[in-house]
Amino acid sequence: MNMLGLILVVGVAFGFAYTNGFHDSANAIATSVSTRALTPRVALMMAAVMNLAGAFLGVGVAQTVSKGIIETPHGTKGMVILWAALIGAITWNLITWYFGLPSSSTHALFGGMVGAAIVGGTDVYWSGVWEKVIIPMITSPVVGLILGFLVMLAIMWIFRRANPHRAKRNFRMAQTVSAAAMALGHGLQDSQKTMGIVVMALTISNHYSGTDIPIWVKASTALALSLGTWAGGWRIMRTLGRKIIELDPPQGFAAESVGATILYVTAYAYKVPVSTTHIITSAIMGVGATKRVRAVRWGVAKNIVIGWFLTMPAAGIVAAVVFWISWAIIG
Numbered sequence: 201m202n203m204l205g206l207i208l209v210v211g212v213a214f215g216f217a218y219t220n221g222f223h224d225s226a227n228a229i230a231t232s233v234s235t236r237a238l239t240p241r242v243a244l245m246m247a248a249v250m251n252l253a254g255a256f257l258g259v260g261v262a263q264t265v266s267k268g269i270i271e272t273p274h275g276t277k278g279m280v281i282l283w284a285a286l287i288g289a290i291t292w293n294l295i296t297w298y299f300g301l302p303s304s305s306t307h308a309l310f311g312g313m314v315g316a317a318i319v320g321g322t323d324v325y326w327s328g329v330w331e332k333v334i335i336p337m338i339t340s341p342v343v344g345l346i347l348g349f350l351v352m353l354a355i356m357w358i359f360r361r362a363n364p365h366r367a368k369r370n371f372r373m374a375q376t377v378s379a380a381a382m383a384l385g386h387g388l389q390d391s392q393k394t395m396g397i398v399v400m401a402l403t404i405s406n407h408y409s410g411t412d413i414p415i416w417v418k419a420s421t422a423l424a425l426s427l428g429t430w431a432g433g434w435r436i437m438r439t440l441g442r443k444i445i446e447l448d449p450p451q452g453f454a455a456e457s458v459g460a461t462i463l464y465v466t467a468y469a470y471k472v473p474v475s476t477t478h479i480i481t482s483a484i485m486g487v488g489a490t491k492r493v494r495a496v497r498w499g500v501a502k503n504i505v506i507g508w509f510l511t512m513p514a515a516g517i518v519a520a521v522v523f524w525i526s527w528a529i530i531g
C-alpha cells in the first residue's frame with residue numbers, strides 16, 4: 201500500500217506543479233506581454249526555461265515546506281494526508297484559474313496541508329504557520345506595493361528629461377531581462393514547494409531518510425512546473441496585464457524588478473515560501489499608483505485581495521473533505 205500510495209502522491213504532486221505552472225505563468229510574463237516587450241509564445245518559452253533553471257538554485261524553501269508546517273505524518277494515513285492536501289490545492293488552483301483570479305498556489309498548498317492534517321490527527325506547527333506563512337503572506341504584498349511605488353517614482357525622476365518614445369523603447373528591451381529574472385525567481389520559489397511534498401512522501405514511505413533534495417526530485421518537479429508554464433494561463437494573464445492597470449514598459453520593468461528582488465531575498469535570506477502572485481500583483485498596484493491613485497482599478501484589486509484571504513481556508517476545507525472521504529474508503 202505504501203508503494204501505491206507513494207506513486208499516487210508523487211503523481212498528484214507533479215500534477216500540482218503543472219497547475220502551479222499554468223496558473224502562475226502570468227506572474228512572470230503578463231507585464232511583458234501587455235506592454236508588447238515580448239510576444240506571448242516567446243515570453244512563455246522564456247518563462248518555462250527560467251522556471252526550469254530556477255528550480256536548481258536552492259533548497260531552503262523546500263525544507264521549510266517538508267519540516268516546518270506540519271509534523272511529518274506516518275504510514276498510510278500520512279499518504280492520505282498528502283494526497284488530500286494536494287487535491288485541495290489543485291482544486292482551488294483550477295477554480296481561480298477559471299475565473300481569472302490571480303490567487304496563490306503557495307497558500308492553496310499550505311491551506312490543503314493544514315486542513316488535511318487537522319482532520320487526519322497530525323500536529324500542525326502553528327508557530328511555523330504563523331512565522332513562515334501568515335506573516336510573509338501579509339508583509340510581502342505590502343513590501344511589493346511600497347517598493348513598486350518607490351522604484352517607479354525613482355525611474356520617473358531619473359528619466360524625467362529623457363525622450364519618452366526612446367525611453368519606452370529602451371525599457372521594453374530591459375523588460376526581457378526583468379521578466380527573465382521574475383521567471384527565475386518563480387522557479388526558485390514555487391518548484392521547491394512541490395519538492396518539499398515529494399520528499400515528505402518519500403520519507404513517509406521509508407524510501408528516503410536524507411536531508412538534501414534528491415536530484416531526480418528537483419529535475420522532475422522543475423520539468424512539471426515548466427511544462428505547466430509553457431501551457432500558459434491566459435485568463436489570469438489578462439487580469440494582471442490589463443485589468444488592474446494599463447501598464448507601459450517602464451511600469452512593467454519596475455514591477456518585475458521589484459517582484460524578482462523580493463523572491464530572491466525571501467528564498468535565500470529568510471528561506472520562507474512566499475506567493476509570486478501576491479508579490480507581482482501588489483508591485484503592479486504600486487507602480488500604477490504613481491500615475492495617479494485612481495489609475496488603479498481598485499475594485500478589481502479588492503476582488504483579488506479577497507481571493508487571497510479565501511485561499512487557505514477554501515483549500516483547507518476541500519482537503520479536509522477529501523481526506524475524510526478517502527480515509528473512510530481505505531481506512
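Numbering-wise (the numbering used here), the sequence shown opens with residue 201 and increments by one.
Glycine included, every Cβ here is placed at the ideal spot set by N, Cα and C.
Please read these numbers as outputs of a predicted model, since none were measured by experiment.
Is the beta carbon of residue j closer than 9 Å to that of residue i?
{"i": "L252", "j": "S426", "result": "yes"}
{"i": "S482", "j": "K393", "result": "no"}
{"i": "I355", "j": "M313", "result": "no"}
{"i": "A247", "j": "A424", "result": "no"}
{"i": "I318", "j": "M382", "result": "no"}
{"i": "W508", "j": "P341", "result": "yes"}
{"i": "A308", "j": "A515", "result": "yes"}
{"i": "T429", "j": "T296", "result": "no"}
{"i": "T272", "j": "K471", "result": "no"}
{"i": "F194", "j": "G215", "result": "In the structure displayed, the chain extends from 201 to 531; residue 194 sits before or after that span and is not available."}
{"i": "F310", "j": "P473", "result": "yes"}
{"i": "S225", "j": "A431", "result": "yes"}
{"i": "G278", "j": "T322", "result": "yes"}
{"i": "A374", "j": "P449", "result": "yes"}
{"i": "L384", "j": "A501", "result": "no"}
How many Å lie between residue i and residue j at the Cα?
{"i": "S327", "j": "V280", "result": "24 Å"}
{"i": "M245", "j": "H223", "result": "15 Å"}
{"i": "A237", "j": "T376", "result": "7 Å"}
{"i": "R372", "j": "L208", "result": "44 Å"}
{"i": "P302", "j": "T476", "result": "10 Å"}
{"i": "F359", "j": "A367", "result": "8 Å"}
{"i": "M250", "j": "M395", "result": "17 Å"}
{"i": "T276", "j": "H478", "result": "35 Å"}
{"i": "A228", "j": "H386", "result": "7 Å"}
{"i": "P513", "j": "I290", "result": "14 Å"}
{"i": "L204", "j": "A469", "result": "38 Å"}
{"i": "H407", "j": "W330", "result": "30 Å"}
{"i": "P414", "j": "V333", "result": "25 Å"}
{"i": "G260", "j": "P336", "result": "15 Å"}
{"i": "A379", "j": "I462", "result": "14 Å"}
{"i": "G452", "j": "I338", "result": "23 Å"}
{"i": "W292", "j": "S391", "result": "18 Å"}
{"i": "A528", "j": "T403", "result": "24 Å"}
{"i": "S526", "j": "L282", "result": "11 Å"}
{"i": "N569", "j": "W416", "result": "Summary: the structure shown does not reach residue 569, with the chain confined to residues 201 through 531, and so no result is reported for it."}
{"i": "V521", "j": "Y464", "result": "35 Å"}
{"i": "R497", "j": "S420", "result": "39 Å"}
{"i": "R492", "j": "P364", "result": "18 Å"}
{"i": "I530", "j": "T411", "result": "31 Å"}
{"i": "Y566", "j": "L294", "result": "The chain is shown only over 201 to 531; residue 566 falls outside these bounds and no answer can be derived."}
{"i": "I506", "j": "I517", "result": "17 Å"}
{"i": "G499", "j": "W357", "result": "29 Å"}
Please go through the same chain and pick out, in chain order, the residues whose beta-carbon is closer than 6 Å to the beta-carbon of residue i, but skip the five residues on each side of it.
{"i": "A519", "result": "A284, A285, G288, G312, G315 and A316"}
{"i": "L206", "result": "A401 and S405"}
{"i": "L353", "result": "T490"}
{"i": "A467", "result": "G258, V261, L388 and Q389"}
{"i": "G221", "result": "L425, G428 and T429"}
{"i": "N202", "result": "S405"}
Can you find the residues in the same chain that come closer than 7 Å, C-beta to C-beta, to residue i, ignoring five residues on each side of it along the sequence?
{"i": "A455", "result": "T231, G348, I480, A483, I484 and V487"}
{"i": "V458", "result": "G344, L347, G348, V351 and A483"}
{"i": "V210", "result": "V398 and A401"}
{"i": "K418", "result": "A255, F256 and M395"}
{"i": "I504", "result": "L301, P302 and T481"}
{"i": "A243", "result": "I229, S232, V233 and A379"}
{"i": "S266", "result": "G396, V399 and M400"}
Would you say residue i reaches chain D, if we count a Cβ-Cβ gap shorter than 9 Å as a contact?
{"i": "A308", "result": "Here chain D cannot be found, since the structure has a single protein chain."}
Only counting the same chain, and skipping five residues up and downstream in sequence, which positions put a Cβ closer than 8 Å to that of residue i?
{"i": "H274", "result": "I404"}
{"i": "S409", "result": "T403"}
Taking the runs of the alpha helix (DSSP H) that are 4 residues or longer, which of them lie wholly in the segment 312-357?
-> Secondary structure within the segment 312-357: the alpha helix (DSSP H) runs of 4 or more consecutive residues, fully enclosed, are 326-329 (chain order).
Please specify which runs of the alpha helix (DSSP H), each continuous and at least 4 residues long, are wholly inside the segment 253-316, giving them in chain order.
-> 260-267 and 275-298
Start-end ranges of the alpha helix (DSSP H) lying completely within the segment 455-517, minimum 4 residues = 476-489
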